[in-house]
Amino acid sequence: MIAGLPDHVHNAARIRYPMVRVDWMRKGHQSDTSQRGDNRFVRVSWDEALDLFYQELERVQKTYGPSALLTASGWQSTGMFHNASGMLARAIALHGNSVSTGGDYSTGAAQVILPRVVGSMEVYEQQTSWPLVLQNSKTIVLWGSDMVKNQQANWWCPDHDVYQYYEQLKEKVASGAISVISIDPVITSTHDYLGRDKVKHISINPQTDVPLQLALAHTLYSEKLYDKNFLDNYCVGFDQFLPYLLGEKDGQPKDAAWAEKLCGIDADTIRALARQMAGDRTQIIAGWCVQRMQHGEQWSWMVVVLAAMLGQIGLPGGGFGFGWHYNGAGTPGRKGIILSGFSGSTTVPPVHDSTDYKGYSSTIPIARFMDAILEPGKIINWNGKSV
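In structure tokens, the structure reads:
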């Protein structure tokens with residue numbers, strides 16, 4: 001990575017200088033917007049670019065107020081400083097208030113439901129250390145998680161230290177000490193790395209993960225493989241979930257035979273998976289990709305339900321986690337102070353301190369900002385409220 005940094009800075013595809021659309025240079029906000037995409041750009045100095053940015057910021061803030069300014073994006077470079085969206089938010093916050101965004105593109109559904117299920121966002125929490133998993137787990141279920149591929153690029157500065165544990169996992173899989181099951185429509189890089197003939201691949205039809213989860217839960221319950229003591233002492237709501245699982249509400253038990261038709265996985269394989277997960281210490285390693293489907297919060301919730309039924313949450317090498325593919329998760333952490341990045345806000349009061357949003361919301365979900373532009377004033381439901 002270090003050897004590649006000069007190429008990153010001086011790459012031919014990089015825009016090295018401020019560039020402004022010609023028509024904008026001539027007419028500013030009154031320019032012909034139909035020329036976007038066709039109009040040529042001209043290079044300007046940094047002073048000119050900053051002046052243009054300030055003039056437009058001033059015009060919009062004075063004319064329309066904070067409801068017309070949105071500090072939203074997801075672009076940046078790896079590292080603690082190069083968070084372009086954070087820097088933009090700081091710049092605009094010094095000038096005046098604006099519309100902010102909530103949530104993110106990575107875990108939009110999971111981060112909304114999981115605080116209501118387990119009390120924290122979970123997707124960005126510390127994961128069980130790999131030494132504990134390697135020592136205690138007998139079965140690892142990779143559910144939409146491709147750690148070997150995704151750990152190559154991280155949010156902060158990756159040191160790739162976690163790959164030493166993937167090597168140890170590969171050795172344990174080869175020796176039969178740990179069984180790995182990959183639930184995924186495709187063979188992942190992690191599956192390939194650990195060994196195609198060593199990893200059990202359950203090829204599931206896309207977006208049918210919840211039926212599979214329900215069928216696993218049904219098998220655990222009907223075969224008395226679940227941990228009733230754990231549910232009674234550490235969980236609430238199982239009695240409300242059970243009637244749906246057993247089909248008492250709609251006449252359809254969510255059993256393996258029912259799921260087979262939806263998931264493309266034969267019922268015997270589903271039952272065998274449930275028995276294996278209940279048979280010994282099982283670590284569920286869930287990714288973020290599955291929760292990006294419609295109603296992705298249901299899948300996230302069911303990961304926790306399955307782990308609770310197994311009764312291994314809190315035990316070394318058991319339970320669930322949603323962040324194993326991210327930022328070296330599972331690597332034993334240092335105890336020293338970690339340098340934080342720059343916040344998107346400052347303690348300096350803005351020049352324009354208007355809080356009149358003209359009836360519009362001051363915060364919107366980040367994935368809906370284009371809808372806010374296309375349908376201004378439309379009311380939508382988000383995270384249990386209307387915005």
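Quick note on UniProt numbering: the sequence shown kicks off at 1 and runs consecutively.
Just so you know, even glycine gets a beta-carbon here, dropped at the ideal spot from N, CA and C.
query: Assigned exposure category for Ile373 - 16 Cβ within 10 Å defines buried; result: exposed
query: Identity of the residues DSSP links to Gly237 by a beta bridge; result: Answer is none; Gly237 lacks a bridge partner.
query: 8 Å CB neighbourhood of Ile183 in its chain, flanking five on each side removed; result: Val141, Leu142, Trp143, Gly144, Ile202, Ile204, Asp209 and Leu212
query: Backbone secondary structure at Ile313 - three-state DSSP; result: coil
query: Contiguous beta strand (DSSP E) assignments of at least 3 residues, all confined to the region 160 to 196; result: 179 to 183
query: Whether Ala215 touches Ile270 by CB criterion (8 Å); result: yes
query: Presumed contact (8 Å Cβ cut-off) between Gly317 and Val133, rounded CB distance; result: 5 Å
query: Cβ-based burial, Asn229 [other Cβ within 10 Å; buried from 16]; result: exposed
query: Where Thr188 falls, given that 16 or more other Cβ within 10 Å makes a residue buried; result: buried
query: Candidates Ser85, His95 and His160, of which the one nearest Gln55 by Cα; result: His95
query: Bridge-paired residues (DSSP) for Phe320; result: Ile284
query: Helix, strand or coil at Met19 [DSSP, three-state]; result: strand
query: Meets three-Cβ-pair contact criterion under 8 Å: the region 21 to 40 and the region 319 to 332; result: no
query: Rounded straight-line distance, which links the Cα of Met19 to that of His10; result: 17 Å
query: Residue of Tyr124, Ser222, Leu69 and Lys27 minimising C-alpha distance to Ile364; result: Leu69
query: Stretch-stretch touch, CB-based, cutoff 8 Å, three pairs: the region 300 to 309 with the region 251 to 266; result: no
query: Spatial distance of Ala12 from Ala84 (CA atoms); result: 20 Å
query: When Ile92, Arg26, Leu114 and Pro115 are compared against Pro349, the one with the closest alpha-carbon; result: Ile92
query: Alpha-carbon to alpha-carbon, Thr71 and Tyr165; result: 39 Å
query: Same chain, Cβ closer than 7 Å to Thr107, neighbours up to 5 away in sequence not counted; result: Val123, Trp288 and Gln291
query: Simplified DSSP assignment, three categories, for Lys261; result: helix
query: Whole-Å CB distance - Ala367 paired with Phe322, under 8 Å assumed; result: Not confirmed; about 18 Å, so no contact.
query: Exposure of Thr355, with buried meaning 16 or more beta-carbon neighbours within 10 Å; result: exposed
query: Classification of Asp7 by the beta-carbon crowding that lies within 10 angstroms, buried from 16 upward; result: exposed
query: Asn136 to Tyr360 span [Cα, whole Å]; result: 52 Å
query: Inter-residue Cα distance where the pair is Ile113 and Glu48; result: 46 Å
query: Where Gly359 sits in the DSSP three-state scheme; result: coil
query: Nearest-angstrom Cα separation, counted from Glu58 out to Arg26; result: 18 Å
query: Cβ neighbour criterion (16 or more within 10 Å) applied to Ser45; result: exposed
query: Selected residue, minimal CA-CA separation from Arg90, among Met370, Thr347, Gln127 and Tyr357; result: Thr347
query: Cβ pair residue 390, Ser100 closer than 8 Å; result: What the structure shows of the chain is the stretch from 1 to 387, and residue 390 is not part of that stretch, so it cannot be assessed.
query: Where Ser327 sits in the DSSP three-state scheme; result: Strictly speaking, residue 327 in this sequence is Asn, with Ser absent from that position. Of the three classes helix, strand and coil, the one that applies to Asn327 here is coil, per DSSP.
query: Length of the line joining the Cα atoms of Gly384 and Trp258; result: 32 Å
query: Cβ shell of Asp159 (< 8 Å), same chain only, five flanking positions each side left out; result: Gly328
query: Run of the beta strand (DSSP E) containing Val42, from where it starts to where it stops; result: Phe41 to Arg43
query: Delimiting residues of the alpha helix (DSSP H) encompassing Lys149; result: Met147 to Asn150
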